[in-house]
Amino acid sequence: MNDFRYRPKDDYIPKANWEELFVLTEHWQSDLEFYQDDLKFLNHLIDKYFIWLTDKKHIDKVRDLEVNLLEITKKCESLLGQTSKHLTHIEEIMSDPFTYDAQKFREEHQLLEDAISDFIKQFRKSRKAAFAITEYVIDSEKLSYLLKD
């Protein structure tokens, strides 16, 4: 899958009414909140096993992953803020259509969608790496006994 889209077709954003764009943006916000919770879980997973590491190369791998997850977490928080602000703007447009330039707003909507799409791709890649590194470290450090508790 090369792209991530919720909207049904390529010309949806220019033709959709404000209510449809509002619902779409609410979906984005809900998904970002889910990703934020998942990032908390991944950080907890790494923190839980990090203290048991003895091999320096494993410590370095996990540290690199933690830095990456921190960057993604900041990006998620930023996108949540942008999405919340965007929802407010849509509400203002629905109550007073002359509040914003409609074309400019739709372009901003497209840019936000692209940013969320890029974030999701980065998140999925990092999540996969987190599980791969965790599994590798548990196996190679003989930490599997911790999972039985």
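Going letter by letter, the sequence shown gives residues 199 to 347 in my numbering.
Yeah, the Cβ is synthetic: ideal placement off N, Cα and C, and Gly gets one too.
DSSP places N266 inside the alpha helix (DSSP H), whose first and last residues are 254-293. The Cβ atoms of L230 and I270 do not sit closer than 8 Å to each other.
Put simply, of K326, S338, I336 the residue whose alpha carbon is nearest the alpha carbon of L263 is K326.
Residue state for I249 is assigned as coil, using DSSP reduced to three classes. Under the 10 Å beta carbon count, V265 is surrounded by fewer than 16 other beta carbons and is classified as exposed.
Our two residues, I336 and Q280, have alpha carbons roughly 38 Å apart in a direct line. When the Cα atoms are used, A313 and L277 turn out to be separated by approximately 8 Å.
Excluding residues up to 5 positions away in sequence, T281, H284, L285, I288 lie with their Cβ nearer than 7 Å to the Cβ of T223 in the same chain.
Positions of the alpha helix (DSSP H) runs, each at least 4 residues long and wholly inside the region 209-234, are given as 210-213 in order along the chain. The Cβ-Cβ distance between Y233 and F329 does not fall below 8 Å.
When only Cα atoms are considered, L219 and L309 end up about 13 Å apart.
Between the alpha carbons of K254 and S324 lies a gap of roughly 21 Å.
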